[in-house]
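With the working numbering applied, the sequence shown covers 3 to 517.
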Amino acid sequence: MKRSSVLVAAWGLGWALLYLGTLTSRYAYDGVAYCGEIVLALSQGSLREVIHPGHLLFPPLALLWVRLTGGLGADLAVHVRLQVLQALLGAATTTALLLLLRRRVAAPVAAAVSAAVGLTYAFWRYTTDVEAYSVAALTVIVALAATLRAADQPTPTNAAAAGFACALATLGHLTHGLFAVVTGLLLLLWAPHRRLRVGLAFSAAYIALTGGVLGAAVLGPPGGGRPEGRLGFLLGYMQAGSREQAFGWPWRQLSASLSTVAHAFAASAPQWLVLLIAPLVVGLAAGAVAATRGNGHGQRRAAVIAITWLVAHALFYFAWECNEKYWITAMLPGALLLAVVSDAGLRRLASGWRAAPATAIAGALLVANLPTIRHDMEPANNQFLQLTESLRAATPVGSQVVVSGLDPWRELKVYVPYFAQRTPVILDFRLTPANRGELSTLFARIASGTAPPTYALGELLESAPLRTQLEARHGLAPGSLSLRLRALCPRPLHLLAGGERLYLLGTCPTPPSDR
3 MKRSSVLVAA
13 WGLGWALLYL
23 GTLTSRYAYD
33 GVAYCGEIVL
43 ALSQGSLREV
53 IHPGHLLFPP
63 LALLWVRLTG
73 GLGADLAVHV
83 RLQVLQALLG
93 AATTTALLLL
103 LRRRVAAPVA
113 AAVSAAVGLT
123 YAFWRYTTDV
133 EAYSVAALTV
143 IVALAATLRA
153 ADQPTPTNAA
163 AAGFACALAT
173 LGHLTHGLFA
183 VVTGLLLLLW
193 APHRRLRVGL
203 AFSAAYIALT
213 GGVLGAAVLG
223 PPGGGRPEGR
233 LGFLLGYMQA
243 GSREQAFGWP
253 WRQLSASLST
263 VAHAFAASAP
273 QWLVLLIAPL
283 VVGLAAGAVA
293 ATRGNGHGQR
303 RAAVIAITWL
313 VAHALFYFAW
323 ECNEKYWITA
333 MLPGALLLAV
343 VSDAGLRRLA
353 SGWRAAPATA
363 IAGALLVANL
373 PTIRHDMEPA
383 NNQFLQLTES
393 LRAATPVGSQ
403 VVVSGLDPWR
413 ELKVYVPYFA
423 QRTPVILDFR
433 LTPANRGELS
443 TLFARIASGT
453 APPTYALGEL
463 LESAPLRTQL
473 EARHGLAPGS
483 LSLRLRALCP
493 RPLHLLAGGE
503 RLYLLGTCPT
513 PPSDR
């Protein structure tokens with residue numbers, strides 16, 4: 003085996019050990035939801051529950067992994083198995099990035115830049131949790147590699163390969179279709195003599211894969227019993243993002259957006275980093291253009307691809323849903339840009355010195371993020387985990403728990419069914435016009451004593467503002483929800499972890515007779 007192959011294998015193993023050794027106990031909402039969907043899919047023997055419109059690749063892959071690792075023992079929970087998968091995918095991503103950059107820049111520069119990406123807070127955080135972004139990042143690297151190859155040699159064959167790779171990235175996350183648009187336009191620009199054949203090859207390959215998979219998702223049954231129509235199942239994902247968490251256009255919420263980007267790099271991003279994000283990115287792009295002037299077409303085209311991908315990503319996510327996890331994939335063209343600037347701009351220096359800027363960044367990120375990563379590793383620091391585990395111990399099997407479903411208790415919607423293994427009655431879902439009749443029937447059964455044992459937490463019964471928010475959100479008369487809950491005669495039992503009180507709902511005591 004060649005020495006370089008041994009070094010690459012050691013690199014990947016090192017990252018795998020780092021991520022496996024820092025698995026989080028701060029489980030993200032989406033990750034716990036995936037775990038619950040996989041448990042449901044395993045019990046029903048169906049793929050329907052793991053079809054997600056935003057990222058079609060990860061949930062089926064996660065389900066397959068859980069099936070393959072079933073022989074490891076029942077004591078290894080689904081979320082732990084998926085964290086192992088995530089750690090391996092994260093190691094594969096940093097290794098694939100190293101291999102991609104080595105084709106364009108000196109090996110020390112490639113290693114330092116790859117390390118900097120692997121130690122950013124967003125990448126490290128979500129690689130040690132159960133999330134879709136490690137596999138999404140890996141597919142973006144594949145697409146970026148295929149795009150660079152097609153840019154160097156814009157033949158129909160390379161264009162088709164780039165089309166398939168960009169389609170794979172789109173299946174990793176639907177919004178990565180932005181990269182396909184940019185890639186297609188650049189290939190048309192760089193292939194003037196074979197423009198039609200190159201464009202058709204790229205488009206046909208892209209449409210064949212994405213169209214086939216998205217068509218199967220649309221024509222198949224919506225996952226999780228979603229009530230939307232088949233096309234609405236896909237489009238609803240985009241609508242939900244813009245409705246729930248969008249900041250608006252950058253000039254309206256620029257400060258909040260830039261803070262989110264800075265937080266993707268460092269867990270506790272200082273204000274100076276927030277202020278420098280935009281100038282640093284603009285300076286990096288300008289530096290790449292200047293450094294690659296007269297330096298051959300390879301690095302110049304790599305810089306152009308990285309810049310256009312970053313611009314497309316930034317414009318979309320500032321407008322749609324600026325969240326730290328979504329900037330994981332933006333870091334990959336950013337890494338290419340940093341590598342090109344370092345290698346071309348400092349080409350008169352030895353390769354080790356060219357790697358110095360990225361090495362310093364990687365070291366700073368390690369120092370900045372390790373304390374937060376270690377804090378999140380402790381189960382005791384996850385209040386929702388502690389609460390739901392104590393809820394499971396305090397309630398009988400088969401019982402149900404009424405929860406609000408609103409912030410700051412949103413996580414209970416997925417933590418209660420997965421960690422507590424109790425059926426949640428989520429009022430934010432049940433109070434919609436389509437479900438109110440079903441909720442009224444359930445409340446009547448609770449009041450009559452014919453429902454399973456039903457509990458509620460203090461987050462709902464003790465917080466008048468939360469109930470008022472639910473009433474306003476669903477167009478209910480003020481105070482009506484409080485009356486309905488009081489009709490179930492909540493009886494306080496005891497405190498759960500974190501001081502949250504548990505209440506039993508049910509039949510009201512019969513008033514004593516006058517006779």
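Ideal Cβ placement from N, Cα and C applies to all residues, glycine included.
Just so we're clear, the structure is a prediction, and the values are computed from it rather than from any experiment.
Closest option to residue 300, judged by alpha-carbon separation, among 120, 371, 339: 339. Within 10 angstroms of the beta-carbon of residue 354 lie fewer than 16 other beta-carbons, which makes it exposed.
Within a 10 Å sphere around the beta-carbon of residue 380 sit fewer than 16 other beta-carbons, which makes this residue exposed.
With a threshold of 16 other beta carbon atoms within 10 Å, residue 48 falls short and is exposed.
For the pair residue 289 and residue 9, the Cα-to-Cα distance works out to about 31 Å.
In the structure shown, the three-state DSSP call for residue 29 is coil. Residue nearest to residue 120 within the set 392, 361, 505, 286 is 361 (criterion: CA-CA distance). Excluding residues up to 5 positions away in sequence, 83 lie with their Cβ nearer than 7 Å to the Cβ of residue 71 in the same chain.
Across the structure, residue 331 and residue 270 are spaced so that their CA atoms are roughly 20 Å apart. Taking the CA atoms as reference points, residue 257 sits about 10 Å from residue 273.
Residue state for residue 503 is assigned as strand, using DSSP reduced to three classes.
When only Cα atoms are considered, residue 205 and residue 287 end up about 28 Å apart. Residue 107 has its alpha-carbon roughly 26 Å from the corresponding atom of residue 183. The region 370-387 and the region 429-442 do not touch, with fewer than three beta-carbon pairs separated by less than 8 Å. Going by DSSP, residue 55 is part of no beta strand (DSSP E) at all; its letter is neither H nor E.
DSSP places residue 475 inside the alpha helix (DSSP H), whose first and last residues are 466-475. Apart from sequence neighbours up to five positions away, the residues of its chain that approach residue 64 with a beta-carbon distance below 8 Å are 36, 40, 52, 84, 87, 132, ordered along the chain. One thing to note: residue 482 has its Cβ within 8 Å of the Cβ of residue 473. Sixteen is the threshold: since fewer than 16 other Cβ atoms of the shown chains lie within 10 Å of the Cβ of residue 395, the residue is exposed. Taking C-beta atoms as the reference points, residue 416 and residue 34 count as a pair closer than 8 Å. For residue 144, the enclosing alpha helix (DSSP H) covers residues 135-154.
In this structure, the CA atom of residue 62 is about 43 Å from the CA atom of residue 488. Residue 342 and residue 364 have their alpha carbons spaced roughly 17 Å apart. One thing to note: residue 262 has its Cβ no nearer than 8 Å to the Cβ of residue 127. Counting of Cβ neighbours within 10 angstroms places residue 399 among the exposed residues, the total staying below 16. For residue 436, the secondary structure class from DSSP, reduced to helix, strand or coil, is coil. Between residue 162 and the set 209, 412, 391, 103, the nearest pair of CA atoms involves 209. Cβ contact annotation for residue 32 (same chain, cutoff 7 Å, sequence separation greater than five): 133, in chain order. The beta carbon of residue 304 sits closer than 7 Å to those of 106, 150, 338, 342, all from its chain and outside the five residues before and after it, given in chain order.
Spanning the alpha carbons of residue 437 and residue 469 requires a straight line of approximately 18 Å. Shown here for residue 314: same chain residues with a beta carbon closer than 6 Å to its own, the five before and five after excluded, namely 180, 184 in chain order.
DSSP places residue 398 outside any alpha helix (DSSP H), giving it a letter other than H or E.
Of the candidates 124, 449, 177, 177 places its Cα closest to the Cα of residue 142. Around the beta carbon of residue 265, 16 or more other beta carbons sit within 10 angstroms, so the residue counts as buried.
Linking residue 404 to residue 30 through their CA atoms gives a straight-line distance of about 21 Å. In the three-state reduction of the DSSP assignment, residue 172 falls in the helix class, which pools H, G and I.
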